[in-house]
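Residue numbers for the sequence shown follow the numbering used here, beginning at 1 and rising by one. Backbone N, C-alpha and C define an ideal beta-carbon position, used for all residues, glycine too.
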Amino acid sequence: MARARIYKPSKNAMQSGKAKTKKWVLEFEPSAARKVEPLMGWTSSPDTNSQVVLRFDSKEEAIAYATRKGIEFQVVETHAPKPLIKAYADNFKADRIGQWTH
Numbered sequence: 001m002a003r004a005r006i007y008k009p010s011k012n013a014m015q016s017g018k019a020k021t022k023k024w025v026l027e028f029e030p031s032a033a034r035k036v037e038p039l040m041g042w043t044s045s046p047d048t049n050s051q052v053v054l055r056f057d058s059k060e061e062a063i064a065y066a067t068r069k070g071i072e073f074q075v076v077e078t079h080a081p082k083p084l085i086k087a088y089a090d091n092f093k094a095d096r097i098g099q100w101t102h
């Protein structure tokens, strides 16, 4: 059986929202390399497990599912980003680092 990763996805770098980052994901690691089809030039793989993505509300639910189904898994822990506290008034502080440009 293929090995799976259980992780919580990070925030999309292109958007400020945190959609699709609340749930834990169980995703199979690829067991076969991708290859290019000679006729059309499409990339394909004989591994159909790479298309399976399961989402769970908690890490424990994902682990319980993997153990119940006999799936070998690896849990990738997440770290919370440090909150960046900003205030508009900081732009006008007397001890501001950097020069005022306009």
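- Over the uninterrupted alpha helix (DSSP H) stretch that includes Arg55, give me the two end residues. Careful: Arg55 lies outside any alpha helix (DSSP H), inside the beta strand (DSSP E) at 53 to 56.
- Item | Reference Arg55, options Ala94, Gly17, Trp24, Phe92, closest by Cα | Trp24
- Can you give the Cα-Cα distance for Gln74 and Ile6, rounded to whole angstroms? 6 Å
- Message: Do Ala2 and Thr29 count as a contact pair if the criterion is CB distance below 9 Å?
- Response: Position check: residue 29 holds Glu in this sequence, whereas Thr was assumed. Closer than 9 Å, so yes.
- Query: Which first and last residues belong to the alpha helix (DSSP H) in which Ala80 is found?
  - Reply: Premise fails: Ala80 is in no alpha helix (DSSP H) and is neither H nor E.
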